[in-house]
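According to the numbering used here, the sequence shown is numbered sequentially starting from 11.
Where is the CB? At the ideal position from N, CA and C, for every residue including glycine.
In what follows, a single structure is set out as structure tokens and then discussed.
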Amino acid sequence: METPPSKRFQQIHLGHCAFAVPEERRFVTENLIRATGGLVGTPDEIITMLEEREAMGLNEVALLPSMDQARVNLNDFAELVIKRYRC
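Right, here's the structure in full:
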């Protein structure tokens, strides 16, 4: 690694929670996201996932949409999932 030790964290975490680095995009599949607990699916499927996870002790979620889609994703989640979620 040519990056100096004091800057390696920047290279290692490039894009973290913001975007997929081009050479790593091929690893980010729907199956991987589903297998690692990601909320992927229709609003009804996501509500079911949340209910199942709540029954296992989940009490909060974090949404990390890409910045170019954040407003749309967060509005959709609020309107299509949160408003319909049975508390």
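Using DSSP with H/G/I as helix, E/B as strand and the rest coil, what is F29?
coil
With a CB to CB cut of under 7 Å and the five nearest residues on each side skipped, what residues in its chain are close to R44?
V50
Taking the alpha-carbon of C27 as reference, which of E89, D78, D86 and P53 has the nearest alpha-carbon?
D78
Give me, in chain order, the residues of the same chain whose beta-carbon lies closer than 6 Å to that of P53; leave out the 5 immediate sequence neighbours on both sides.
L90 and V91
Between the alpha carbons of L68 and L60, how many angstroms are there, rounded?
8 Å
Where does L74 sit, in a helix, a strand or coil, going by DSSP?
coil
Which runs of the alpha helix (DSSP H) fall wholly inside the region 38 to 77 and span at least 4 residues, in chain order?
Complete alpha helix (DSSP H) runs here, min 4: 40 to 45 and 53 to 65.
Going by the CB atoms, is the gap between S76 and F29 shorter than 7 Å?
The Cβ-Cβ distance between F29 and S76 falls below 7 Å.
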